[in-house]
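Novice: Numbering (our numbering), first residue to last: 1020 to 1160.
Have a look at the structure that comes next, please.
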């Protein structure tokens, strides 16, 4: 294993794990491959729960980050509209809140927040139309 300040050589231990002894601390560590995407790491002997390391789908994570950036920009746009259009500030603020929530939240929680916000907006808007279908998606309106 290569770290910024050292190199640790793990050797096969015969039990399916790889072990390393740190001469500086007198500690022993192990790594065990659980599957193609998962590695278990810990101390020998075990002291508590091991650490589970999972491989990340970088492409999917990058796509999610890009979507988060887009939703954050959308939220900022609605927040600006709330400042520049005081007559509709409440609606624009709610649109901004939903977009920020989608950028930061998980799918189920964000969907619930969008549905609740849509219900509130429907009760206060005179026209009844969705003021921000890019923030509050049509299925929640």
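Here a beta-carbon is modelled for each residue, glycine too, at the ideal position from N, C-alpha and C.
All of these numbers come straight from a predicted model, not from anything done at the bench.
#1: Out of 1141, 1052, 1159 and 1120, which has the shortest C-alpha to C-alpha gap to residue 1036?
#2: According to DSSP, residue 1038 sits in a beta bridge with which residue or residues?
#3: Please report how far the alpha carbon of residue 1239 lies from the alpha carbon of residue 1074, in whole angstroms.
#4: Assuming residue 1121 is part of the alpha helix (DSSP H), what are its boundary residues?
#5: Quick check on residue 1155: does DSSP put it in helix, strand or coil?
#6: Take every Cβ of the segment 1044-1060, pair it with every Cβ of the segment 1080-1100, and state whether three or more of those distances are shorter than 8 Å.
#7: Does the pairing of the segment 1146-1156 with the segment 1114-1130 give three or more beta-carbon distances under 8 Å?
#8: For residue 1045 and residue 1024, what's the separation of their Cα atoms in angstroms?
Specialist: Here's the rundown:
#1: On the chain shown, position 17 is the one that residue 1036 refers to. For the residues 1141, 1052, 1159 and 1120, the minimum Cα distance to residue 1036 belongs to 1052.
#2: Mapped onto the chain shown, residue 1038 falls at position 19. Partner(s): 1030 and 1049.
#3: The structure shown does not extend to residue 1239, since the chain is modelled only from 1020 through 1160, so no value can be given for it.
#4: In the chain shown, counting from the first residue as 1, residue 1121 sits at position 102. Residues 1108-1123.
#5: As a first step, residue 1155 is located in the chain shown; it is residue number 136 there, counting from the start. In the structure shown, residue 1155 sits in coil (DSSP, three-state: anything other than H, G, I, E or B).
#6: no
#7: yes
#8: To locate residue 1045, count along the chain shown from 1; it is residue 26. To locate residue 1024, count along the chain shown from 1; it is residue 5. Computed Cα separation, rounded: 18 Å.
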